[in-house]
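> Dumping the structure here so I can ask a few things about it.
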Amino acid sequence: MATGRPDYMEDPVGQKFHWVTSGEPHAMRRREILAKYGSEVRKLYGYDHKTAWVVMAVIVTQFFVSWYVKDLAWWKVMVAAYVISGTLNQNLFTAQHEISHYLAFRTPSLNRWLAIIGNLPLVVPVAVKFREYHHDHHLFLGVDGGDVDLPTLIEARIFNNTFMKCIYGFIYLVFYGVRPLWVRPKKVTGGDVVNWVLVMGCNAAILYFWGLKSLVYLFAGSILGGGLHPLAGHLIAEHYQFEKGQETYSYYGPLNLLSYNVGYHNEHHDFPQIPHTRLYRLKEIAPEYYTNLYQHTSWTWVIYKFITDPKMGPWSRMHRASRDGTEQGNKKFIENKCVKAIAVGPGDVEAAKKAKAAALAKAAATTAAVDNGVLTPRTTRQAARTGVVTKGEAKHIRSDSAVENVQPAN
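So for the sequence shown, the working numbering puts the first residue at 76; every next one is plus one.
Here it is as structure tokens:
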């Protein structure tokens, strides 16, 4: 059975990050579960329309409250922004996570449109790029330079005590949103333009017809709901290392009802093709793979522990030099120009980052995509050309949910 307990190696540049010499645990656990319960688990794959109905209900509620607060005193607006808008906008943020895996509708286009519509109350356009970066997170979990969910060295050095971590927690969503643009910038697409035009147009309409308080209610809800808010605890709970050797953590408490079961995070990383409404069934089918793992019982406690424990901080994440975690891959990374540049100065960092980004992008079109169940039609064609899957197998891939039926070519 896959234990997910990696071997550790010395941090190559003294970052305090938890460097490991093993590959990410989910691909291995996925293979074991499929070998044992394949037919039962595959029945859970697919999508669930109920997600769309919940998202639409939250959107309507948010806009109604936004209209209602336009004549209230500012202090009441801010209280409502934390209590109501913070909760509902964090709900919509976790909906973005669910929809990014195309788990609300069968067709990718409907999922993309639902994501953009669900983005409207969030004020900041995030839907399109979130999907791209979130798939990188699945493909390159813990890989330095590939997984943009990993805090940067700058974050680890600045937010290194209780006071600074409190500030970090308060504006955590700002770093969560800006970090990918710095670590792994991507090209602007037509989808990005549509996303920006619709969201900014909605912002302008709210400001014009209802006033500043209504817009502040929504914007503050996004920031506050992603910071020191009970529902935002999942952002820290999911992968910060509370138990040495365990990379991903689940939470099975009541706040899952407000966050599309994002707490079932080990289950989700093992099988991103399963919609949130069926993740609990995966745990019931294969309990021996999940019940013995360390799990969180309170997201509020997670935030408190992260801020007050001097051993916890942005550095409390598992880093691996290469996706497979092999000795050869790790050695190559340690000797890589990128690490040396970080160690000696900023002179060659930019060139090294570009070279490494190109290598990571190429890797995404190979076995990484097959192993993690997030192939897109484009990467499927690339994988077929490189021999990762056969041309016949590639034809059967219609969406992310079909990837588990594809096996690497011999």
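Glycine included, C-beta positions come from ideal geometry on N, C-alpha and C.
Using alpha carbons as the reference points, say which of Ile192, Tyr157 and Leu248 lies closest to isoleucine 174.
Here residue 174 refers to the residue found at position 99 when the sequence shown is read from its first residue. Nearest C-alpha to isoleucine 174: Ile192.
> Examine chain B for any beta-carbon lying closer than 8 angstroms to the beta-carbon of phenylalanine 238, and answer yes or no.
Going by chain labels, chain B is absent from the structure shown, which holds only one protein chain.
> Alpha carbon to alpha carbon, what distance is there between lysine 145 and lysine 111?
As a first step, residue 111 must be located in the sequence shown, where it is residue number 36. As a first step, residue 145 must be located in the sequence shown, where it is residue number 70. Here the alpha carbon of lysine 111 sits roughly 57 angstroms from the alpha carbon of lysine 145.
> Suppose you measure from the CA of valine 263 to the CA of valine 201; what does that come to, to the nearest Å?
For the purposes of this step, residue 263 is taken as the residue at position 188 of the sequence shown. For the purposes of this step, residue 201 is taken as the residue at position 126 of the sequence shown. Rounded to whole angstroms, valine 263 to valine 201 spans 12 angstroms at the Cα level.
> How far does the alpha helix (DSSP H) with methionine 275 in it reach, from first residue to last?
The residue labelled residue 275 in the question sits at position 200 within the sequence shown. Taken as a continuous stretch (DSSP letters only), the alpha helix (DSSP H) holding methionine 275 covers 265-284.
> Would methionine 275 be called buried (16 or more neighbouring beta carbons within 10 Å of its own) or exposed?
Taking the first residue of the sequence shown as 1, we reach residue 275 at position 200. So methionine 275 ends up on the exposed side.
> For a test of the three-state rule: what should DSSP assign to alanine 97, helix, strand or coil?
Position 22 of the sequence shown holds residue 97. This sequence places serine at residue 97; alanine is not what is there. Coil, per DSSP.
> When you compare the CB positions of tyrosine 364 and arginine 206, do they come within less than 8 angstroms of one another, or not?
The residue given as residue 364 occupies position 289 in the sequence shown. The residue given as residue 206 occupies position 131 in the sequence shown. Not closer than 8 angstroms, so no.
> Please report the Cβ distance between valine 223 and arginine 254, rounded to the nearest whole angstrom; I am assuming they are in contact, meaning their Cβ atoms lie under 8 angstroms.
Here residue 223 refers to the residue found at position 148 when the sequence shown is read from its first residue. Here residue 254 refers to the residue found at position 179 when the sequence shown is read from its first residue. That belief holds up - the Cβ atoms of valine 223 and arginine 254 are roughly 6 angstroms apart, short of 8 angstroms.
> Any idea which residues DSSP pairs tyrosine 326 with across the strands?
Locating residue 326 in the sequence shown gives position 251, counting from the first residue. Looking at the DSSP assignment, tyrosine 326 forms a beta bridge with His371.
> If you reduce the DSSP assignment to three classes, tell me which class valine 218 lands in.
For this step, residue 218 is matched to residue 143 along the sequence shown. Of the three classes helix, strand and coil, the one that applies to valine 218 here is strand, per DSSP.
> Can you have a look at aspartate 345 and say buried or exposed, based on whether 16 or more other CB atoms are within 10 angstroms of its CB?
To locate residue 345, count along the sequence shown from 1; it is residue 270. Classification for aspartate 345: buried.
> Provide the residue(s) that pair with histidine 394 in DSSP beta bridges, ordered along the chain.
By one-based count along the sequence shown, residue 394 stands at place 319. Beta-bridge pairing by DSSP links histidine 394 to Trp94.
> Of all the options Lys380, Gly338, Tyr379 and Phe238, which has the alpha carbon lying nearest to the alpha carbon of asparagine 166?
Taking the sequence shown and counting its residues from 1, the one referred to as residue 166 is at position 91. With distances taken between Cα atoms, asparagine 166 lies closest to Gly338.
> What is the C-beta distance between arginine 356 and leucine 119, in whole angstroms, given that I count them as a contact (C-beta under 8 angstroms)?
Residue mapping note: residue 356 aligns to position 281 of the sequence shown, counting from 1. Residue mapping note: residue 119 aligns to position 44 of the sequence shown, counting from 1. Contact holds; Cβ gap of about 6 angstroms.
> In whole angstroms, give me the CA-to-CA distance for serine 391 and leucine 330.
By 1-based counting over the sequence shown, the position of residue 391 is 316. By 1-based counting over the sequence shown, the position of residue 330 is 255. Approximately 24 angstroms, taken between the alpha carbons.
> Which residue marks the beginning of the alpha helix (DSSP H) containing glycine 161, and which one marks its end?
One-based indexing of the sequence shown puts residue 161 at position 86. From DSSP, the alpha helix (DSSP H) with glycine 161 extends over 161-175.
> The alpha helix (DSSP H) with glutamine 137 in it runs from where to where?
Looking up residue 137 in the sequence shown gives position 62. Start and end: 125-143.
> Among His371, Leu354 and Lys386, which residue has its Cα nearest to the Cα of valine 116?
Within the sequence shown, numbered from 1, the residue matching residue 116 stands at position 41. It is Leu354 whose Cα lies nearest to the Cα of valine 116.
> Taking the C-alpha atoms as reference points, what is the distance between proline 196 and isoleucine 134?
Residue 196 sits at position 121 when you count from the first residue of the sequence shown. Residue 134 sits at position 59 when you count from the first residue of the sequence shown. Taking the straight line from one Cα to the other gives about 7 angstroms.
> Cα separation between glycine 265 and leucine 368?
If you number the sequence shown from 1, residue 265 lands on position 190. If you number the sequence shown from 1, residue 368 lands on position 293. Whole-angstrom Cα-Cα distance: 42 angstroms.
> Less than 8 angstroms between C-beta atoms, sequence neighbours within five positions excluded: which residues of the same chain meet that for glutamate 410?
For the purposes of this step, residue 410 is identified with residue 335 of the sequence shown, where counting begins at 1. Because the pLDDT at glutamate 410 is just 46, under 50, the model does not fix this residue reliably, and the value given afterwards should be weighed accordingly. If we look at glutamate 410 and ignore the five residues flanking it on each side, it has no Cβ neighbours.
> Using a threshold of 8 angstroms, state whether the C-beta atoms of serine 297 and valine 199 are closer than that.
Mapped onto the sequence shown, residue 297 falls at position 222. Mapped onto the sequence shown, residue 199 falls at position 124. Cβ distance < 8 angstroms, so serine 297 and valine 199 count as in contact.
> Taking the alpha-carbon positions, what's the glycine 301 to isoleucine 246 distance?
Here the question's residue 301 lines up with position 226 in the sequence shown. Here the question's residue 246 lines up with position 171 in the sequence shown. Approximately 8 angstroms, taken between the alpha carbons.
> Measuring CA to CA, which of Gly221, Lys240 and Glu322 is closest to proline 389?
For the purposes of this step, residue 389 is identified with residue 314 of the sequence shown, where counting begins at 1. Nearest of Gly221, Lys240 and Glu322 to proline 389, Cα basis: Lys240.
> Can you tell me where the alpha helix (DSSP H) holding alanine 312 begins and where it ends?
On the sequence shown, position 237 is the one that residue 312 refers to. Its alpha helix (DSSP H) spans residues 309-312.
> Rounded to whole angstroms, what's the CA-CA distance from histidine 101 to asparagine 341? Just pull it up for me.
For this step, residue 101 is matched to residue 26 along the sequence shown. For this step, residue 341 is matched to residue 266 along the sequence shown. Whole-angstrom Cα-Cα distance: 8 angstroms.
> What separation, rounded to the nearest whole angstrom, lies between the Cα atoms of tryptophan 376 and tyrosine 292?
The sequence position of residue 376 within the sequence shown is 301, counting from 1. The sequence position of residue 292 within the sequence shown is 217, counting from 1. Computed Cα separation, rounded: 26 angstroms.
> Taking proline 350 as the reference, which of Tyr122, Gly98 and Glu99 has the closest Cα?
As a working note, residue 350 is residue 275 in the sequence shown. That would be Tyr122, whose Cα lies nearest to the Cα of proline 350.
> CA-CA distance, valine 95 and glutamate 322?
Residue 95 sits at position 20 when you count from the first residue of the sequence shown. Residue 322 sits at position 247 when you count from the first residue of the sequence shown. Taking the straight line from one Cα to the other gives about 10 angstroms.
> Go ahead and label proline 385 buried or exposed: buried means 16 or more other beta carbons lie within 10 angstroms of its beta carbon, across all protein chains shown.
Residue 385 sits at position 310 when you count from the first residue of the sequence shown. Flag for proline 385 reads exposed.
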